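Have a look at the structure below before the remarks.
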Amino acid sequence: MSVVVPTHNRAPKLARVLEALAEVECPIGGFEVIVVDDGSVDDTAAVVAAASLPVVLIRQANAGAASARNRGWRAGRAPVIAFLDDDCVPSRTWLIDLVNASEADAAIGAVGGAIVPLEPGTRATFVQLDRLVAHGADGEREVRYLVTANMIVRREVLESLDGFDERFPVGEDTDFGARVRASGRKLAVIDGGVVAHDHRLGLREILATYRKAGRARHLLAGRHRELSAQAGTRLIARPAHWIACYRRYRTAAGPITALGFVTLRAAGMASFAYGYLVDGRRDQRPGQLRPVGVR
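For the sequence shown, the numbering used here gives the first residue as 90, with consecutive numbering after it.
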């Protein structure tokens, strides 16, 4: 296994994830850790040098997460690549759980593990319920995409699709997952392979997450029709949608908190719309991106 961790100016969080990786149980053959420093100006290099496990450090000028992940997996020596974000803490059985799932079916090209909040609380519950940091799996467990906070991919799949499309400033992992499916490979999500994610829990941070998702969806919709925002727009305009949200929130957090969650989701949807209509249109036009599945 090659474990790729992109990072940018998060030295304390990087130290935390490297400490956790030192405790992760090794799959057969072991694993290497590759940290790609995407133009940091903090103590990232010192953190890597002080790590209690061997780490390969690759440094590059700031070019974004997609570029950093591509640099990492191409430098790796293993047939299976694990992607982990620097704001995550993997469980001890993280890699073994993911490897076992990937080996269960040769048609599986990538597997995503469970993502839980690092610091539980009311807003962390909201982030989980609204799936702001989650794989794209619907109620029938059909997986449409995976997020790189926690996933493994066969190297042959990365090579055949030329990795992540670096023209995506955001949403590159969603695009990659959709292209994996279009190539005929399966995506899978498991309940194991757990990582704890440092959710952004401030109000501004939550709204910024929605806005970023809207920006990404503008580009993604140009390449993947199934990710178009039109169907979702029609859905949230219906009262039944908000009633269903309230009931889901109430079950998890109680009636009073559920009302707050509905209000927060409404504000989030407004931020998503701004990201889609304003930020997304400032990015490179979707029509300039290569067609699905073509290198």
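Glycine included, C-beta positions come from ideal geometry on N, C-alpha and C. Predicted model, so just to flag it, every value in this text is computed and none were measured.
At a Cβ-Cβ threshold of 9 Å, G153 and D186 do not count as neighbours. Secondary structure note for E121: its beta strand (DSSP E) is the uninterrupted segment E121 to D127. Here the stretch 238–251 lies against the stretch 162–171, with 3 or more beta-carbon pairs under 8 Å apart. Annotation: the continuous beta strand (DSSP E) that includes Y234 extends over V232 to Y234. Per DSSP, the unbroken beta strand (DSSP E) holding F172 starts and ends at V169 to L173. By the criterion of a C-beta distance shorter than 6 Å, G369 is surrounded in its chain by R304 and H307, once the five residues flanking it on both sides are discounted. Considered as a whole, the stretch 280–364 harbours 292–312, 319–325, 328–342 and 344–363 as its complete alpha helix (DSSP H) runs of no fewer than 4 residues, in chain order. Between M358 and F257, the alpha-carbon positions lie close to 22 Å from each other. Going by DSSP, I147 is part of the beta strand (DSSP E) stretching over V145 to Q149. Contact check for A100 against A140 fails: the beta carbons are separated by 9 Å or more. Using a 10 angstroms sphere on the CB of T352, the tally of other CB atoms stays under 16, which defines it as exposed. Ranked by Cα distance from I279, the first of V367, V269 and A190 is A190. Beyond the five residues adjoining it in sequence on each side, P179 comes within less than 7 Å, by CB distance, of A109, L110, V113, L173 and V284 in the same chain, given in chain order. In the structure shown, the three-state DSSP call for L184 is helix. Burial state of L184 is buried, judged by a 10 Å Cβ sphere holding 16 or more other Cβ atoms. Residue nearest to G210 within the set A223, D131, E248 and D287 is D287 (criterion: CA-CA distance). For A277, the enclosing beta strand (DSSP E) covers residues K275 to V278. Within the model, the alpha-carbon separation for V93 versus A329 is close to 42 Å.
Residue burial is scored here from C-beta neighbours: S91 has at least 16 other C-beta atoms within 10 angstroms and is therefore classed as buried. The C-beta of C177 has 16 or more other C-beta atoms within 10 Å across all chains shown, which makes the residue buried.
Per DSSP, S141 lies in no beta strand (DSSP E) and is assigned neither H nor E. Between the stretch 198–216 and the stretch 117–134 there are fewer than three inter-stretch CB-CB distances shorter than 8 Å, so the stretches are not counted as touching. In the displayed model, T237 falls within coil according to three-state DSSP, outside both helix and strand. Following the DSSP letters along the chain, one finds V205 inside the beta strand (DSSP E) bounded by residues I204 to P206.
In the DSSP assignment, A109 falls within the unbroken alpha helix (DSSP H) covering A100 to L110. Put simply, the backbone Cα of A135 is about 21 Å away from that of A164.
The three-state reading of DSSP puts G260 in coil, since its state is none of H, G, I, E or B. If you ignore the 5 residues before and after E261, its C-beta comes within less than 7 Å of the C-beta of A154, A155, F253 and D254, all in its own chain and listed in chain order.
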